[in-house]
Amino acid sequence: MTQPDTPGDTGRSGNHRSGGDLHAAALADPAMLRGLTQARFGRRGLLRFAGLAGGAAFLAACGVSGEKKDSAGADAASFWKDRTKAGTLDFANWPLYMDVGSTDADHPSLDIFTKETGIKVTYREVIQDNESFFAQIRPTLAAGRSIGYDLMVLTNGITLSRVMQLGYLAPLDHARLPTFAANASPSVKNPTYDPGNAFTIPWQSGLTGIAYNPAKTGREITSYNDLFDPKFAGKVGMFGDNQDLPNLALLGIGVDPAKSTPDDWKKAAAKLTAQRRDGIVRKYYDQSYIDALAGGDLWISMAWSGDVYQQIATGTNLKFVVPAEGGLLWTDNMCIPKTAPHPVDAISYMDFVYRPEIAGMLTEYINYITPVPKAAEHVPADLAKSTLLFPTADELSRVSRFRVLTTAEETVWNRIFQPVYQS
Numbered sequence: 001m002t003q004p005d006t007p008g009d010t011g012r013s014g015n016h017r018s019g020g021d022l023h024a025a026a027l028a029d030p031a032m033l034r035g036l037t038q039a040r041f042g043r044r045g046l047l048r049f050a051g052l053a054g055g056a057a058f059l060a061a062c063g064v065s066g067e068k069k070d071s072a073g074a075d076a077a078s079f080w081k082d083r084t085k086a087g088t089l090d091f092a093n094w095p096l097y098m099d100v101g102s103t104d105a106d107h108p109s110l111d112i113f114t115k116e117t118g119i120k121v122t123y124r125e126v127i128q129d130n131e132s133f134f135a136q137i138r139p140t141l142a143a144g145r146s147i148g149y150d151l152m153v154l155t156n157g158i159t160l161s162r163v164m165q166l167g168y169l170a171p172l173d174h175a176r177l178p179t180f181a182a183n184a185s186p187s188v189k190n191p192t193y194d195p196g197n198a199f200t201i202p203w204q205s206g207l208t209g210i211a212y213n214p215a216k217t218g219r220e221i222t223s224y225n226d227l228f229d230p231k232f233a234g235k236v237g238m239f240g241d242n243q244d245l246p247n248l249a250l251l252g253i254g255v256d257p258a259k260s261t262p263d264d265w266k267k268a269a270a271k272l273t274a275q276r277r278d279g280i281v282r283k284y285y286d287q288s289y290i291d292a293l294a295g296g297d298l299w300i301s302m303a304w305s306g307d308v309y310q311q312i313a314t315g316t317n318l319k320f321v322v323p324a325e326g327g328l329l330w331t332d333n334m335c336i337p338k339t340a341p342h343p344v345d346a347i348s349y350m351d352f353v354y355r356p357e358i359a360g361m362l363t364e365y366i367n368y369i370t371p372v373p374k375a376a377e378h379v380p381a382d383l384a385k386s387t388l389l390f391p392t393a394d395e396l397s398r399v400s401r402f403r404v405l406t407t408a409e410e411t412v413w414n415r416i417f418q419p420v421y422q423s
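For the sequence shown, the UniProt record's numbering begins at 1 and goes up steadily by one.
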C-alpha cells in the first residue's frame with residue numbers, strides 16, 4: 001500500500017494550454033535564475049502539508065472554547081475611526097520571503113520604508129505553515145488579544161478562509177491603499193477567496209503544475225493525464241495534501257474547482273484512487289519529491305515551479321509545464337489581525353510594497369509572480385521578459401484558484417480526498 005512520505009499543511013500562476021511560454025525549457029538562462037542559485041530552501045517547501053503540522057493542524061481545525069463564527073468581521077469605517085500611526089510594525093512572514101542585502105538580517109526594502117515613514121519594522125520569519133501558525137495564534141485571537149504581530153502572510157485556501165469566516169482579520173480601508181489601486185494587476189483584485197480584497201491583498205503568487213525528466217519520459221509532457229500513464233508506473237509522484245492534489249485533479253477531469261460539487265470531488269478522488277491502485281504512483285510526497293525527481297526515482301511529478309527552477313539552475317535535466325487542462329495559481333496574502341495594536345503602520349506597509357520599484361526589489365530576490373506588473377521596469381531585462389514572473393493577462397485567464405470551502409464543505413472534502421493519500 002502506498003504511503004505518503006510526510007503529509008503536511010497546504011500552504012500554497014499564469015497558465016498556457018500547451019505549456020508554451022510557461023515551459024521551463026525556456027527558463028534555463030542562468031540570468032533568469034539569479035535568485036534561485038543561492039543555497040536557500042524556499043518559502044513554498046517549508047512544512048507545507050496538513051499532517052506535517054500534526055497536533056497543531058488538528059487544533060486549528062477543531063477550534064477553541066468560546067469561539068464564534070463571525071464571517072462579516074468588523075465594519076471598516078468603525079474599525080479605522082481615530083486610528084493613527086504608531087511608528088512601529090511587527091511583521092510575521094515565511095522564511096526566505098524578503099529581499100536581503102549584505103547579510104540575511106539586512107532587508108533593503110524595509111530600510112527604505114523606515115527611512116521614508118519613520119515606522120520601525122520588527123521582521124520575523126515565524127510562519128512555517130498556515131495550519132500550525134493559525135493553531136498557535138488562534139486562542140489569543142479568540143480571546144480578543146494581540147498576537148504580537150500587526151501584519152501576517154497567509155496562503156489562500158482552507159486556513160485563510162477559516163480565519164476570515166471567524167472574523168479574525170481587520171477589514172481593509174481601501175482609501176489607505178491608493179498605490180495598490182493604481183498598480184496591482186487586475187488578476188489579484190477581487191479574488192474569489194476574498195471578494196473585493198475586503199481583508200487581504202497579495203504578497204506573491206506561484207504555480208502548481210507538472211515537472212518531468214524528458215530523458216526518462218521519452219517524450220514531452222503536456223497533459224494532466226500523463227501522470228496516469230501506465231508506461232510511467234512506479235515513477236510518478238503526487239502531492240500528499242488536501243489542496244494541490246484535489247484541485248489539480250478536478251482540473252484534470254475538466255472541472256473548474258470553483259464550481260465543483262461533491263459529486264465532482266468523488267469523481268476526482270476515484271481517478272486518483274485508481275492511479276494508486278494500479279501502481280502508477282510511487283509515493284505521495286512533501287517537498288522531497290524534487291529530490292526524487294532530480295535523482296531519477298521519479299520521472300514525472302506534480303510540482304511547484306520554484307523547485308524546478310532551482311534544479312535547472314544546478315544543471316538538472318528537468319522541465320516544468322502547466323498541463324493543457326489547466327494549472328493552479330496560489331497566492332500568499334498580507335492581512336492584519338483584528339487585534340493588531342498598530343494597524344495603520346501595517347496598512348501603510350501593505351500599500352508601500354505596491355510601488356513598482358519596491359515590488360521590483362522583492363521580485364528580483366524572491367523570484368515568484370509579483371502582483372505589480374510595472375515592477376518589470378525595475379528588474380534586469382532578462383527577468384522582465386519572464387512570463388513566470390510577469391504572466392500575460394491571457395495566461396492568467398487560464399489558471400484556477402483553490403476551491404473556497406465553507407466549514408461544512410471542508411468536512412466533506414477531507415472525507416473524500418484524505419483517504420487517497422493517507423490510506
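Cβ coordinates follow ideal geometry from the N, Cα and C atoms, glycine included.
May I have a chain-ordered list of the alpha helix (DSSP H) segments no shorter than 4 residues that lie completely inside the stretch 94 to 123? 108 to 117
Does the stretch 311 to 326 touch the stretch 172 to 186, meaning 3 or more C-beta pairs lie closer than 8 Å? no
Under 6 Å Cβ to Cβ from Pro371, same chain only, skipping five residues before and after it: list those, please. Ala184, Ser185, Val188, Pro202
Which residues in the same chain have their Cβ closer than 7 Å to the Cβ of Ala346, if we skip the five residues on either side of it in sequence? Leu89, Asp150, Leu151, Ile336, Ala340
Beta-carbon separation of Phe133 and Ala170 under 9 Å? no
How about the stretch 323 to 332 and the stretch 207 to 227: do they share at least three Cβ pairs that are nearer than 8 Å? yes
According to DSSP, residues forming a beta bridge with Thr155: Asp332
Sufficient close CB pairs (3 or more, under 8 Å) joining the stretch 114 to 123 to the stretch 298 to 318: no
Identify, in the order they occur along the chain, each residue of the same chain with its Cβ nearer than 7 Å to the Cβ of Gln311, setting aside the five sequence neighbours on each side. Ile290, Ala294, Leu318
Pick out whichever of Tyr365, Gln136, Ile358, Leu388 has its Cα sitting closest to the Cα of Glu377. Ile358
What whole-angstrom Cβ distance do Phe199 and Leu172 have, given they're in contact under 8 Å? 6 Å
Going by C-alpha distance, which of Ile147, Phe79, Asn156, Gln204 is nearest Phe390? Gln204
Please determine if the stretch 213 to 221 and the stretch 243 to 252 are in contact, where contact requires at least 3 C-beta pairs separated by less than 8 Å. no
Secondary structure of Ala77, DSSP reduced to three states: helix
Starting from Ile210, trace the beta strand (DSSP E) in both directions and tell me its first and last residue. 200 to 212
Exposed unless 16 or more other CB atoms sit within 10 angstroms - verdict on Lys338: buried
On the premise that Ala268 lies in contact with Ala249, defined as a C-beta separation below 8 Å, what is that separation, rounded to the nearest angstrom? 4 Å
Any idea if Pro195 is buried or exposed, counting beta-carbon neighbours within 10 angstroms, 16 or more meaning buried? exposed
Which residues DSSP lists as bridging Ile369, in chain order: Ser205
How is Val281 classed by DSSP in three states: helix, strand or coil? strand
Smallest Cα separation from Asp99: which of Tyr123, Ala86, Lys81? Tyr123
Quick test of your reading: Ala86 and Val344, contact by CB under 8 Å. State the CB separation rounded to the nearest angstrom. 7 Å
What are the partner residues of Lys319, as DSSP defines its beta bridges? Tyr212
Going by beta carbon distance, what residues of the same chain come within less than 7 Å of Glu410, once the five residues before and after it are set aside? Ile158
For Asn333, which residues of its own chain have a beta-carbon under 8 Å away from its beta-carbon, when the five flanking residues on both sides are left out? Val153, Leu154, Thr155, Asn156, Leu160, Asp194, Thr200, Ile201, Pro202, Trp203
Taking only the alpha-carbon atoms, compute the straight-line gap between Asp84 and Ala77 and give it to the nearest angstrom. Rather than Asp, the amino acid found at residue 84 in this sequence is Thr. So the two alpha carbons sit approximately 14 Å from each other.
For the stretch 132 to 147 against the stretch 388 to 407, do three or more pairs of beta-carbon atoms, one drawn from each stretch, fall closer than 8 Å, so that the two count as touching? no
Could you please give me the residues that DSSP links to Leu89 through a beta bridge? Val121
If we call anything under 9 Å between Cβ atoms a contact, is Asn247 one with Arg403? yes
Out of Ser260, Leu328, Gly206, point me to the one whose CA is closest to Tyr97's CA. Gly206
Taking 8 Å as the limit between beta carbons, can you name the residues of its chain near Lys271, skipping five residues before and five after? Phe228, Ala249, Gly252, Ile253
According to DSSP, is Leu166 helix, strand or coil? coil
Fully enclosed by the stretch 370 to 405, which alpha helix (DSSP H) runs are 4 residues long or longer? 381 to 384, 393 to 396
Specify, as a first and last residue, the run of the alpha helix (DSSP H) that Ala303 falls within. Ala303 -> not in any alpha helix (DSSP H); beta strand (DSSP E) instead, spanning 300 to 304.
Three-state secondary structure (DSSP) of Val236: strand
Please go through the same chain and pick out, in chain order, the residues whose beta-carbon is closer than 7 Å to the beta-carbon of Pro274, but skip the five residues on each side of it. Correcting the residue identity first, residue 274 is Ala in this sequence and not Pro. Contacts found: none.
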